[in-house]
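The sequence shown runs 8 to 136 under the working numbering.
Where a beta carbon is used, it is the ideal one built from N, C-alpha and C, also for glycine.
Quick caveat, the model's predicted, so the values are computed rather than measured.
Right, one structure below, let's go through it.
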Amino acid sequence: MCVISREEFPIELLNGIHWVFHGTYDDRAIFKFQVADLMRDMDVFSYAKWRPELLPLKRVPCIRVCLNNSDKYYEIQPFSEEGFTNCDLLYALHDIFTPELKGKGKYFLKGLILKSSGGGIPCYQCIVH
8 MCVISREEFP
18 IELLNGIHWV
28 FHGTYDDRAI
38 FKFQVADLMR
48 DMDVFSYAKW
58 RPELLPLKRV
68 PCIRVCLNNS
78 DKYYEIQPFS
88 EEGFTNCDLL
98 YALHDIFTPE
108 LKGKGKYFLK
118 GLILKSSGGG
128 IPCYQCIVH
(Lines of atoms letter the chains of each structure in order from A; the text may use other names.)
(Lines give C-alpha, C1' and ligand atoms only; values in the text may rest on other atoms or scores of the structure.)
Protein backbone atom coordinates (compact mmCIF):
# COMPACT_ATOMS: atom_id res chain seq x y z
CA MET A 8 0.00 0.00 0.00
CA CYS A 9 1.43 3.39 -0.92
CA VAL A 10 1.43 6.60 1.10
CA ILE A 11 -1.57 8.78 0.27
CA SER A 12 -1.53 12.54 0.41
CA ARG A 13 -4.70 14.53 1.01
CA GLU A 14 -3.85 16.65 -2.05
CA GLU A 15 -3.82 13.66 -4.38
CA PHE A 16 -7.31 12.25 -3.69
CA PRO A 17 -9.96 12.98 -1.05
CA ILE A 18 -9.60 10.70 1.99
CA GLU A 19 -13.40 10.51 2.41
CA LEU A 20 -16.22 10.83 -0.12
CA LEU A 21 -20.02 10.93 0.04
CA ASN A 22 -20.16 11.56 3.77
CA GLY A 23 -23.43 13.09 4.91
CA ILE A 24 -25.62 11.34 2.35
CA HIS A 25 -28.37 9.11 3.66
CA TRP A 26 -28.78 6.60 0.85
CA VAL A 27 -30.24 3.11 0.89
CA PHE A 28 -29.15 0.46 -1.60
CA HIS A 29 -32.58 -0.58 -2.81
CA GLY A 30 -34.39 -0.66 -6.13
CA THR A 31 -33.16 0.08 -9.63
CA TYR A 32 -33.02 3.13 -11.87
CA ASP A 33 -33.42 2.93 -15.64
CA ASP A 34 -31.14 5.88 -16.33
CA ARG A 35 -29.09 8.61 -14.69
CA ALA A 36 -31.71 11.31 -15.34
CA ILE A 37 -34.28 9.51 -13.18
CA PHE A 38 -31.61 8.88 -10.57
CA LYS A 39 -30.55 12.55 -10.52
CA PHE A 40 -34.20 13.54 -10.03
CA GLN A 41 -34.42 11.14 -7.05
CA VAL A 42 -31.22 12.60 -5.55
CA ALA A 43 -32.56 16.14 -6.03
CA ASP A 44 -35.76 15.07 -4.26
CA LEU A 45 -33.68 13.68 -1.39
CA MET A 46 -31.72 16.94 -1.16
CA ARG A 47 -34.93 18.91 -0.56
CA ASP A 48 -35.54 16.80 2.55
CA MET A 49 -32.00 17.02 3.96
CA ASP A 50 -31.03 19.46 6.64
CA VAL A 51 -28.62 22.30 5.81
CA PHE A 52 -25.67 20.69 7.63
CA SER A 53 -25.91 17.43 5.66
CA TYR A 54 -26.30 19.27 2.37
CA ALA A 55 -23.24 21.41 3.09
CA LYS A 56 -21.18 18.23 3.55
CA TRP A 57 -22.60 16.52 0.45
CA ARG A 58 -23.59 18.37 -2.69
CA PRO A 59 -24.65 16.24 -5.69
CA GLU A 60 -23.15 18.59 -8.28
CA LEU A 61 -19.75 18.84 -6.57
CA LEU A 62 -16.82 17.37 -8.51
CA PRO A 63 -14.65 15.71 -5.80
CA LEU A 64 -12.61 13.51 -8.17
CA LYS A 65 -11.31 15.51 -11.11
CA ARG A 66 -9.80 14.06 -14.25
CA VAL A 67 -9.28 10.51 -13.03
CA PRO A 68 -9.54 7.70 -15.60
CA CYS A 69 -11.30 5.44 -13.11
CA ILE A 70 -11.56 4.46 -9.47
CA ARG A 71 -11.80 1.10 -7.77
CA VAL A 72 -14.28 0.37 -5.00
CA CYS A 73 -14.87 -2.52 -2.64
CA LEU A 74 -17.74 -3.14 -0.25
CA ASN A 75 -16.75 -2.84 3.43
CA ASN A 76 -13.64 -5.01 3.91
CA SER A 77 -14.08 -7.17 0.82
CA ASP A 78 -11.15 -8.10 -1.42
CA LYS A 79 -13.43 -7.88 -4.47
CA TYR A 80 -12.93 -4.57 -6.28
CA TYR A 81 -15.11 -3.00 -8.96
CA GLU A 82 -13.74 -0.48 -11.42
CA ILE A 83 -15.84 2.59 -12.14
CA GLN A 84 -15.21 5.03 -14.98
CA PRO A 85 -16.49 8.62 -14.89
CA PHE A 86 -19.31 9.68 -17.17
CA SER A 87 -17.33 12.70 -18.40
CA GLU A 88 -13.71 13.77 -18.86
CA GLU A 89 -14.22 16.26 -16.02
CA GLY A 90 -14.33 13.43 -13.49
CA PHE A 91 -16.91 12.23 -10.99
CA THR A 92 -19.63 14.40 -9.52
CA ASN A 93 -21.02 13.18 -6.19
CA CYS A 94 -24.28 12.25 -7.93
CA ASP A 95 -22.54 10.28 -10.69
CA LEU A 96 -20.41 8.45 -8.15
CA LEU A 97 -23.47 7.58 -6.08
CA TYR A 98 -25.26 6.34 -9.22
CA ALA A 99 -22.34 4.05 -10.09
CA LEU A 100 -22.15 2.69 -6.53
CA HIS A 101 -25.89 2.08 -6.44
CA ASP A 102 -25.72 0.23 -9.75
CA ILE A 103 -22.85 -1.99 -8.53
CA PHE A 104 -23.80 -2.75 -4.94
CA THR A 105 -27.62 -2.99 -5.01
CA PRO A 106 -27.59 -6.41 -6.75
CA GLU A 107 -24.86 -7.64 -4.41
CA LEU A 108 -26.84 -6.59 -1.32
CA LYS A 109 -30.24 -7.74 -2.61
CA GLY A 110 -32.02 -10.07 -0.20
CA LYS A 111 -29.69 -9.21 2.68
CA GLY A 112 -31.90 -6.53 4.24
CA LYS A 113 -31.57 -2.76 3.97
CA TYR A 114 -28.09 -1.35 3.73
CA PHE A 115 -27.34 2.35 4.07
CA LEU A 116 -24.33 4.10 2.57
CA LYS A 117 -22.11 5.66 5.21
CA GLY A 118 -19.44 6.90 2.80
CA LEU A 119 -16.21 6.02 1.03
CA ILE A 120 -12.75 5.87 2.59
CA LEU A 121 -9.55 5.94 0.53
CA LYS A 122 -7.55 2.73 0.95
CA SER A 123 -4.76 3.21 -1.60
CA SER A 124 -3.87 5.07 -4.79
CA GLY A 125 -1.41 2.92 -6.70
CA GLY A 126 -0.59 4.09 -10.22
CA GLY A 127 -2.78 7.18 -9.89
CA ILE A 128 -5.95 5.09 -9.55
CA PRO A 129 -7.63 5.57 -6.18
CA CYS A 130 -9.10 2.56 -4.41
CA TYR A 131 -11.97 3.30 -2.04
CA GLN A 132 -13.74 1.19 0.54
CA CYS A 133 -17.52 1.68 0.46
CA ILE A 134 -18.80 1.64 4.03
CA VAL A 135 -22.36 0.40 4.44
CA HIS A 136 -24.31 -0.58 7.54
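DSSP puts residue i in a beta bridge; with which residues?
i	result
residue 82	71
residue 130	71 and 123
residue 91	64
residue 135	116
residue 20	119
residue 42	Answer by DSSP bridge pairing: none, since residue 42 is not bridged.
Please work out which residues of its chain come closer than 8 Å, Cβ to Cβ, to residue i, disregarding the five sequence neighbours upstream and downstream, and give them in chain order.
i	result
residue 103	72, 81 and 83
residue 12	At residue 12 the pLDDT is 44, less than 50, meaning the model places this residue with poor confidence and gives no usable figure here.
residue 60	92, 93 and 94
residue 88	66
residue 128	67, 68, 69, 70 and 71
Does the distance from the CB of residue i to the CB of residue j come in under 8 Å?
i	j	result
residue 138	residue 108	The structure shown does not extend to residue 138, since the chain is modelled only from 8 through 136, so no value can be given for it.
residue 111	residue 90	no
residue 63	residue 17	yes
residue 24	residue 116	yes
residue 15	residue 124	yes
Quick one: does the C-beta of residue i sit closer than 7 Å to a heavy atom of the ligand FAD?
i	result
residue 68	With respect to the ligand FAD, the structure shown offers nothing to examine, as it has no ligands at all.
Once the 5 residues before and after residue i are set aside, which same chain residues still bring their CB inside 7 Å of it?
i	result
residue 113	27 and 29
To which residues of the same chain is residue i closer than 6 Å at the C-beta, ignoring the five residues directly before and after it?
i	result
residue 42	59 and 94
Looking at C-beta atoms only, is the number of pairs between the region 39–48 and the region 110–122 that lie closer than 8 Å three or more?
-> no
Inspect the CB distances between the region 29–38 and the region 65–79 and report whether three or more fall short of 8 Å.
-> no
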